[in-house]
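No gaps in the numbering here: position 317 of the sequence shown is 504 in our numbering, and each next residue is one more. Positions of the beta carbon are idealized from the N, C-alpha and C atoms, including for glycine. Taking it in order: structure first as structure tokens, then the write-up.
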Amino acid sequence: MTTSVSQLDWNLNDPLPSLVFSDLTHLGLMSITGEQGRSFIHGQVTTDISSLEKDQWCWGAHCDPKGKMWASFRTFAIEDTLFMMMPSDTLEVDLPQLAKYAVFSKAELTNVSSDWLILGVAGEQAQEWVNNYFGDIDKAVTEIPGGALLKDGSRFIIVIEKTPSQALLTSINAPIYECKVWQALEIQSGYPNLAAAHQGHFVPQMCNLQAIGGISFEKGCYMGQETVARMKYRGGNKRALYILSGNASEAVTLESKLELALEDGFKTTGTIIEVVQSGEQVLLTAVLPNDTENSASLRLTGDESSSLTIQPLPYSLEDEA
């Protein structure tokens, strides 16, 4: 059964509709199985896989030996299989990097994106709908027939195998919208959905992974740990993830350049991590120098009529070292 996807006529400055279903085909799934699957991944990523309970999910990052991220991801388990969820283009490049080291362990890594439906549920009625369909849901991860339900604050991610997903899709008497609405909510959450274009560019703290529980500073060694730990205990990190909103008269992409307004002109700065655009309205996350003032004014290079301002993060960076 093919998911019919609609466009949501939603102004980015308006409140979210009371119930929204979003097709998350822009995200991919990597499965990790085998006798040493969990222990292998534990030794490769920033998060503590060994202590992850079946009713928990968490953020994490996979870094190169220099501590620069290949991927940021959500990780969770369904029965004995561990999953890593990340943008599809990132997964395509990240899996071979992990697989180079998996050959020395009894671990199997597989891109299983085509076998699963990933569906987002949001809005003030999301909890009510989820409870009505799946029963009372209050844990971060709940196993459901054919998959799992991830709770992220007031939002939910349904991860379900394609065959049992048919009954679910038939039961939804509402449009299923394209991923743009979900990406807007991810941006508003200050989440670092790293695209393949930015692999190898940023240490996890530059994308605020430490602020959303994506780095364990107590676990054992992992790829790039020395750099990540040095950023915390010795300082030196000069960048952070910011949320920007505003307007633009031209299409904005991850390749678009940002400029910071100064007293005597503009200076090129930062890197766009994720962006959604509705007409001239723009919402994006960007890595900027971490001394950028919240009152700063920015624009897009080549679009002199554009204007972007910094929005408050929904979490604190005060513990960052």
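Among the options, nearest to residue i - alpha-carbon criterion
i      : options                        : result
Ser238 : Val299, Lys406, Leu475         : Lys406
Tyr378 : Arg261, Gln314, Ile305         : Arg261
Gln464 : Asp451, Glu480, Leu445, Gly433 : Gly433
Gly307 : Leu356, Glu266, Glu491         : Leu356
Cys408 : Ser226, Thr220, Pro274         : Ser226
Leu431 : Gln386, Val469, Gly411         : Val469
Ala361 : Gly387, Asp490, Trp316, Ala371 : Trp316
Tyr364 : Asp210, Asp201, Pro202, Leu199 : Asp210
Thr456 : Gly466, Val346, Leu381, Asp478 : Asp478
Pro476 : Pro499, Ile497, Glu446, Arg426 : Arg426
Pro283 : Thr297, Met271, Phe291         : Thr297
Ser301 : Ile236, Ser218, Glu442         : Ser218
Ala248 : Ser292, Asn395, Leu203, Gly489 : Asn395
Thr488 : Val290, Val280, Trp197, Val439 : Val439
Trp369 : Asp339, Ala384, Lys349         : Asp339
Ile344 : Gly400, Ala483, Met393, Met273 : Met273
Ser503 : Gln312, Asn319, Ala398         : Ala398
Pro391 : Thr350, Ala371, Val415, Glu373 : Val415
Gln231 : Leu214, Asp281, Trp244         : Asp281
Gln386 : Arg486, Ile459, Ile324         : Ile459
Ala384 : Ala258, Leu485, Val299         : Ala258
Ser341 : Pro351, Ile324, Lys349         : Ile324
Lys349 : Thr212, Pro499, Trp197, Leu471 : Thr212
Asp276 : Phe270, Leu216, Val328         : Leu216
Leu447 : Arg417, Gln498, Leu214, Arg486 : Arg486
Spatial distance of residue i from residue j (CA atoms)
i      : j      : result
Tyr429 : Ala473 : 5 Å
Val192 : Arg421 : 48 Å
Gln375 : Pro501 : 8 Å
Phe183 : Ser358 : The requested residue 183 does not occur in the structure, where the chain is confined to residues 188 to 508.
Thr496 : Gln314 : 32 Å
Asp201 : Gln194 : 16 Å
Glu222 : Thr233 : 21 Å
Leu304 : Ser403 : 30 Å
Thr353 : Ile347 : Reading the sequence as shown, one finds Gln at residue 353 and not Thr. If you take the alpha carbons of Gln353 and Ile347, they lie about 10 Å apart.
Glu295 : Ser443 : 37 Å
Leu381 : Ala309 : 22 Å
Thr268 : Thr220 : 5 Å
Glu507 : Val290 : Residue confidence is low: Glu507 scores 46 on pLDDT, short of 50, so the model does not pin down where it sits. No coordinate-derived value is stated.
Phe263 : Lys241 : 7 Å
Leu199 : Ser493 : 16 Å
Cys366 : Ser436 : 22 Å
Ser205 : Phe321 : 19 Å
Gly400 : Trp246 : 6 Å
Glu505 : Leu203 : 29 Å
Ile228 : Ile236 : 7 Å
Ser292 : Met410 : 15 Å
Glu491 : Cys250 : 37 Å
Ala286 : Gly224 : 11 Å
Pro499 : Glu480 : 11 Å
Val207 : Met393 : 31 Å
Glu413 : Tyr288 : 19 Å
Ala327 : Gln243 : 5 Å
Ile265 : Gln312 : 26 Å
Leu445 : Ala371 : 19 Å
Per DSSP, the bridge partner or partners of residue i
i      : result
Lys454 : Leu447
Met217 : Met271, Asn298
Phe343 : Val308, Lys338
Thr472 : Ile430, Glu461
Trp303 : Glu348
Ser484 : Thr496
Glu467 : None, per the DSSP bridge assignment.
Ile331 : Gly334
Asp490 : Leu487
CB contact below 7 Å: residue i versus chain B
i      : result
Glu467 : Here chain B cannot be found, since the structure has a single protein chain.
beta-carbon residue i near the ligand COA non-hydrogen atom, thresh 6 Å
i      : result
Gly247 : Absence of the ligand COA from the depicted structure is noted, as is the absence of any ligand whatsoever, leaving it without description.
Item checked: 3-residue-minimum beta strand (DSSP E) runs that sit fully inside the region 226-286, ordered along the chain -> Counting only runs of 3+ residues, the beta strand (DSSP E) found wholly inside the region 226-286 occupies 245-250, 256-265, 268-274, in chain order.
Notebook entry, point to check: Which runs of the beta strand (DSSP E) spanning at least 3 residues fall entirely within the region 406-449, listed in chain order?
Noted result: 426-434, 445-449
Item checked: contact_flag[the region 252-260, the region 330-349] where n(CB pairs < 8 Å) is 3 or more -> no
Notebook entry, point to check: When the Cβ atoms of the region 448-455 are set against those of the region 411-421, are three or more pairs found closer than 8 Å?
Noted result: no
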